[in-house]
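Contents: one structure, followed by commentary.
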Amino acid sequence: METLTASSSWQLLHQEMQRRWPVTPDELDAIVRYALLPAGKMIRPIMTLHCAAAVGGDPEPVLPAALALEYVHVATLVHDDIIDNDDVRRGRASVPAAYGVPNAIIAGDQLIFDAFAAITGSQHAGLPAGGVVAAVSALAEAGAALCRGQSLESRLAGDLSVGVEPYLEVARLKTGALFRAACQVGAALGGADPATIGALADYGEQLGIAFQIRDDLLSYTEQPDLIGKSTTSDLSNGRATLPVLLAWAASSPDGRTALTGALRDGAASQAAVTLVADAVRATTALERSYALADEYAGRAHRQLAVLAPSASTDVLAAVPGWATARRW
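When we follow our numbering, the leftmost residue of the sequence shown carries the number 636, and every step to the right adds one.
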């Protein structure tokens with residue numbers, strides 16, 4: 636395989652996705668294809684491929700396993716849209732809005748099982764059995780973390796007094812865990828030693844937290860039509876994102892009361908949306924959020940010191956910049 640770049644790896648993944656999920660009259664397969672395609676940024680599987688290449692492995696046989704990370708990611712989006720009652724995803728009707736909640740639940744579950752099948756199938760491509768077992772274990776651990784993150788997020792809903800640490804723990808569990816697994820899977824299947832796998836796992840986790848912070852800033856920095864999903868979902872579901880937590884901490888007692896009321900509004904009324912946006916912009920919440928995202932991105936970048944210079948190492952070094960860019 637020729638040296639991969641970020642764009643060529645996306646194309647390779649996209650082509651493989653289309654090959655594995657052709658247009659079909661089968662209803663379940665059609666729903667899964669709708670969830671997967673057109674594909675998103677595919678940052679996680681791109682990282683899987685480049686972690687494999689950066690440790691000296693051949694990324695080509697890792698391709699199905701890399702797609703497994705996208706399957707799990709998309710499954711979580713489908714299930715999140717059910718939990719949050721969101722009708723828009725990637726600029727069109729979400730899976731539950733398009734096909735109904737029962738079908739969306741089944742499609743999300745199907746994607747999770749397909750992910751494990753894709754990784755275990757890597758052994759048939761000549762990848763070492765030990766690496767395949769390690770990759771399956773990493774994905775299973777990430778799945779458990781995702782569930783715990785969702786549970787914690789639900790328990791924290793509506794409470795702005797909890798502070799930043801619980802928010803960061805949710806980000807670590809819900810987002811950092813799958814980024815971590817993406818790197819572990821790639822490094823394990825690429826034949827890396829345990830120390831290198833550990834360093835790349837930490838790289839992924841720190842990067843995932845930075846990515847989540849940046850994602851939570853989009854409601855205040857981007858136009859809704861550029862985001863491709865609801866900009867009021869967090870508010871309508873009572874989720875205290877980092878900029879709102881920081882704005883609450885910097886507000887007067889009356890301001891805190893107003894923000895808490897807006898978070899518990901339940902409908903994300905225009906008045907509530909405006910109140911929260913004004914509070915966030917009236918404080919240093921945005922800049923402090925950007926600074927924390929940059930901090931976690933820096934932590935991620937430092938973990939790459941274990942890698943030898945290569946084109947794939949360069950791609951991995953560039954990802955923190957994508958995750959924390961002020962504009963997409």
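Glycine residues also receive a C-beta, built at the ideal position from the N, C-alpha and C atoms.
Values in this document were obtained by computation on a predicted structure and should not be read as measured data.
Check whether the Cβ atoms of Ser865 and Asp693 sit closer than 9 Å, and answer yes or no.
-> Residue numbering aside, residue 865 sits at position 230 when the sequence shown is read from its first letter. Residue numbering aside, residue 693 sits at position 58 when the sequence shown is read from its first letter. Cβ atoms of Ser865 and Asp693: not closer than 9 Å.
CA-to-CA distance, Ala742 to Thr659, given in whole angstroms | Taking the first residue of the sequence shown as position 1, residue 659 is located at position 24. Taking the first residue of the sequence shown as position 1, residue 742 is located at position 107. One C-alpha to the other measures close to 15 Å.
Do you know offhand how far Trp963's Cα is from Ser642's?
-> Mapped onto the sequence shown, residue 963 falls at position 328. Mapped onto the sequence shown, residue 642 falls at position 7. Because the pLDDT of Trp963 is 43, which lies under 50, any placement of that residue in the model is unreliable, and the question is left without a value.
Excluding the five sequence neighbours on either side, which residues of its own chain have a C-beta within less than 8 Å of the C-beta of Arg891, listed in chain order?
-> Within the sequence shown, the letter at position 256 stands for residue 891. Excluding residues within five positions, the ones whose Cβ falls inside 8 Å are Leu795, Trp883.
Determine the direct distance from the alpha carbon of Val911 to that of Arg783, and round the result to whole angstroms.
-> As a working mapping, residue 783 is identified with position 148 in the sequence shown. As a working mapping, residue 911 is identified with position 276 in the sequence shown. Whole-angstrom Cα-Cα distance: 28 Å.
Neighbourhood of Leu835 by C-beta distance below 6 Å, restricted to the same chain and skipping five residues each side = Position 200 of the sequence shown, counted from the start, is the residue given in the question as residue 835. Excluding positions up to five away in sequence, the list reads Cys686, Cys818, Ala822.
Per-residue DSSP class, three states only, for Arg783 | Residue mapping note: residue 783 aligns to position 148 of the sequence shown, counting from 1. In this structure, Arg783 counts as helix in the three-state DSSP scheme.
Just mark Ser729 as buried or exposed, buried being the case when its beta carbon has 16 or more other beta carbons within 10 Å.
-> Against the sequence shown, residue 729 aligns to sequence position 94. The residue in question, Ser729, is buried, as its Cβ has 16 or more Cβ neighbours within 10 Å.
Quick one: grab the DSSP three-state call for Pro674.
-> Position 39 of the sequence shown, counted from the first residue, corresponds to residue 674. Going by the sequence as given, residue 674 is Ala instead of Pro. The answer is coil: DSSP assigns Ala674 none of H, G, I, E or B.
How is the alpha helix (DSSP H) around Pro699 delimited, first residue to last?
-> Counted from its first residue, the sequence shown places residue 699 at position 64. Here the alpha helix (DSSP H) through Pro699 covers 698 to 719.
Please report the Cβ distance between Ile681 and Leu648, rounded to the nearest whole angstrom; I am assuming they are in contact, meaning their Cβ atoms lie under 8 Å.
-> Reading the sequence shown from its first residue, position 46 is the one you call residue 681. Reading the sequence shown from its first residue, position 13 is the one you call residue 648. 7 Å between Cβ atoms; contact.
So, Leu683 versus Ala710, is the Cβ gap smaller than 9 Å?
-> As a position in the sequence shown, residue 683 is number 48, starting the count at 1. As a position in the sequence shown, residue 710 is number 75, starting the count at 1. Looking at the sequence shown, residue 683 is not Leu but Thr. Their beta carbons are not under 9 Å apart, which means Thr683 does not touch Ala710 by this criterion.
Under the three-state reduction of DSSP, which class applies to Ala792: helix, strand or coil?
-> Position 157 of the sequence shown, counted from the start, is the residue given in the question as residue 792. Three-state result, Ala792: coil.
C-beta atoms of Ala688 and Leu639 nearer than 9 Å | Taking the first residue of the sequence shown as position 1, residue 688 is located at position 53. Taking the first residue of the sequence shown as position 1, residue 639 is located at position 4. Yes, the Cβ-Cβ distance between Ala688 and Leu639 is below 9 Å.
For the stretch 825 to 843 against the stretch 903 to 910, are there 3 or more C-beta pairs whose distance is under 8 Å?
-> no
Close-in-space but distant-in-sequence residues of the same chain around Val767 (CB under 6 Å, 5 per side omitted) = For this step, residue 767 is matched to residue 132 along the sequence shown. The answer, listed in chain order, is Ser757, Gln758.
Backbone CA spacing between Leu880 and Leu898 [nearest angstrom] | Numbered from 1 along the sequence shown, position 245 holds the residue referred to as residue 880. Numbered from 1 along the sequence shown, position 263 holds the residue referred to as residue 898. Computed Cα separation, rounded: 11 Å.
Looking at the structure shown, is Val723 part of a helix, part of a strand, or coil, going by DSSP?
-> For the purposes of this step, residue 723 is identified with residue 88 of the sequence shown, where counting begins at 1. Strand at Val723.
Ala845 vs Ala935 beta-carbon contact at 9 Å = Start at 1 with the first residue of the sequence shown, and residue 845 comes out as number 210. Start at 1 with the first residue of the sequence shown, and residue 935 comes out as number 300. Going by C-beta atoms, Ala845 is nearer than 9 Å to Ala935.
Kindly indicate which three-state DSSP category Ala885 falls into: helix, strand or coil?
-> Residue 885 sits at position 250 when you count from the first residue of the sequence shown. DSSP places Ala885 in coil when its eight states are reduced to three.
In terms of residue numbering, what span does the alpha helix (DSSP H) encompassing Leu852 cover?
-> Within the sequence shown, numbered from 1, the residue matching residue 852 stands at position 217. Its alpha helix (DSSP H) spans residues 829 to 856.
Among all the DSSP beta bridges, which residues are the ones paired with Ala728?
-> As a working note, residue 728 is residue 93 in the sequence shown. According to DSSP, which records beta bridges pairwise, Ala728 is partnered with Val723.
To the nearest whole angstrom, what separates the beta carbons of Leu877 and Leu927, a pair I think is in contact under 8 Å?
-> On the sequence shown, residue 877 is found 242 positions in, with the first residue counted as 1. On the sequence shown, residue 927 is found 292 positions in, with the first residue counted as 1. Sure, about 7 Å apart at Cβ, within 8 Å.
Under three-state DSSP, which class holds Pro657?
-> For the purposes of this step, residue 657 is taken as the residue at position 22 of the sequence shown. The answer is coil: DSSP assigns Pro657 none of H, G, I, E or B.
Label Ala816 either buried or exposed according to how many other C-beta atoms from any shown protein chain fall within 10 Å of its C-beta, with 16 as the threshold for buried.
-> For this step, residue 816 is matched to residue 181 along the sequence shown. So Ala816 ends up on the buried side.
Sort Arg874, Arg916, Thr856 by Cα distance to Val797 and report the nearest one.
-> Residue numbering aside, residue 797 sits at position 162 when the sequence shown is read from its first letter. Per the Cα distances, Arg874.
Inter-residue spacing [alpha-carbon to alpha-carbon] between Thr919 and Tyr925 | As a position in the sequence shown, residue 919 is number 284, starting the count at 1. As a position in the sequence shown, residue 925 is number 290, starting the count at 1. Between Thr919 and Tyr925, the C-alpha separation is close to 10 Å.
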